[in-house]
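Quick note: the sequence shown uses the numbering used here, first residue 36, plus one each step. Ideal placement from N, C-alpha and C gives every residue a C-beta, glycine not left out. These figures come from a predicted structure and were not determined experimentally.
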Amino acid sequence: MFMDSKKINSNELLNSIKVVLVGTTHPGNIGATARAMKNMGIVNMALVEPKEFPSDIATYRSKAAKDVLENAEVFDTLKMAISDCELVIGTSARERKVPWPILNPKDASQEVSRGSLNNKVAVVFGREDRGLTNEELGLCNLHVHIPTDPEYSSLNLSQAVQIMVYEIRSAILENEGNDGNWDVEFADNDQTERLISHMDELMQEVDFYEIDNPRKLLLRVRRFFKRSRLDVMEVNIFRGLFAAIQKKLK
């Protein structure tokens, strides 16, 4: 918790980070990703609906990082995979009609370094051919874009992971020994999602928008709460307010 301001070493910070792969098609990419992660001291892997796992191909490609694969967790949805994380950063190559906070790898890694102080962080990578869906990107606090050459912008999945985990390790080593300076622990993704659902429920009760035609209202509400990175007390204040309003309405 942030209330404990003891200095934390780099290994503890790296251990609070997990790499999440969504819908990976080729098991070799999972193995190569495990190798890239272990090179940089990040060993927590989560897989969301991988096409083929466990796999001998993945094991072969992982080389000396077989333990990363053996300890990898498999989930049915991204929401389940990141439910315990206070900071979620999604990799994105697409432009959105509603802009989202987007960073380059170096700046994103500074956010990860700060966020990993007493919190769990997820860095999410999408499918090899089409990345993350809009719904999956909407679960993330921030987006990161790797500025590749537009003449040939395609990166192999493990290459993208290698860039990010290198930058994360560099940022953490640079900031090693810094104290956490927040008085309350941050809300995890599940708590924030419940808050967003609660606000949507309240807005429907007061006919704030047309349920069949919400336009981009709900996406903007989601963006506001995700980029704000609320702590637990702030979430409780908002939910208490919403509950009080609902009680008055009845």
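| At what residue ranges does the region 223-277 contain a whole run of the alpha helix (DSSP H), taking only runs of 4 or more? | 224-240, 252-263
| query | Is it the case that the Cβ atoms of Ala81 and Ala116 are separated by a distance below 8 Å? | reply | Against a cut-off of 8 Å, the Cβ pair of Ala116 and Ala81 comes out as a contact.
| said: Let's see if you can read the secondary structure: which residues bound the alpha helix (DSSP H) around Leu48? | reply: 45-50
| said: Quick check on Ala93: does DSSP put it in helix, strand or coil? | reply: helix
| If you check the beta carbons only, do Ser5 and Ile207 fall under 8 Å apart? | It is not possible to answer for residue 5, since the shown part of the chain is limited to 36 through 285.
| said: To the nearest angstrom, how far is the alpha carbon of Leu253 from that of Val109? | reply: 29 Å
| query | Where Ala157 and Val179 are concerned, what is the direct C-alpha to C-alpha distance, given to the nearest angstrom? | reply | 12 Å
| Alpha carbon to alpha carbon, how far is Asp324 from Ile124? | The structure shown does not extend to residue 324, since the chain spans only 36 to 285, so no value can be given for it.
| query | Ends of the alpha helix (DSSP H) at Leu104? | reply | 101-105
| request: Pull up the CB-CB distance for Lys73 and Ala93, whole angstroms please, since I reckon it's below 8 Å. | output: Going by Cβ atoms, the distance from Lys73 to Ala93 rounds to 14 Å, so no, they are not a contact pair.
| query | Tyr95 to Gln145, Cα distance in whole Å? | reply | 33 Å
| task | Please report how far the alpha carbon of Glu171 lies from the alpha carbon of Glu209, in whole angstroms. | result | 31 Å
| Residues sharing a beta bridge with Asn139, DSSP | Answer is none; Asn139 lacks a bridge partner.
| query | In angstroms, rounded to a whole number, what distance separates the CA positions of Arg257 and Lys282? | reply | 24 Å
| message | Would Glu121 and Lys98 qualify as a contact pair, given that the criterion is a beta-carbon distance under 8 Å? | response | no
| task | Tell me, please, whether the region 83-92 touches the region 225-232 by the rule of three or more beta-carbon pairs shorter than 8 Å. | result | Contact between the region 83-92 and the region 225-232 is absent, because fewer than three Cβ pairs lie under 8 Å.
| Which residue from Asp247, Asp235, Asp119 puts its Cα closest to that of Ala222? | Asp119
| message | Taking the beta strand (DSSP E) that Asn79 belongs to, which residues open and close that run? | response | Where Asn79 is concerned, the enclosing beta strand (DSSP E) stretches over 79-83.
| Could you give the distance in angstroms between the alpha-carbon of Gly76 and the alpha-carbon of Ile231? | Taking the straight line from one Cα to the other gives about 34 Å.
| field | Extent of the continuous beta strand (DSSP E) to which Thr126 belongs | value | 122-126
| field | Same chain only: Cβ atoms within 7 Å of Phe273, ignoring 5 sequence neighbours per side | value | Leu230
| Roughly how many angstroms separate the alpha carbons of Arg165 and Val200, rounded to a whole number? | Between Arg165 and Val200, the C-alpha separation is close to 21 Å.
| said: Would Ser151 and Ile52 qualify as a contact pair, given that the criterion is a beta-carbon distance under 8 Å? | reply: Yes.
| By a C-beta neighbour count over all protein chains shown, 10 Å radius and 16 as the cutoff for buried, is Lys261 buried or exposed? | buried
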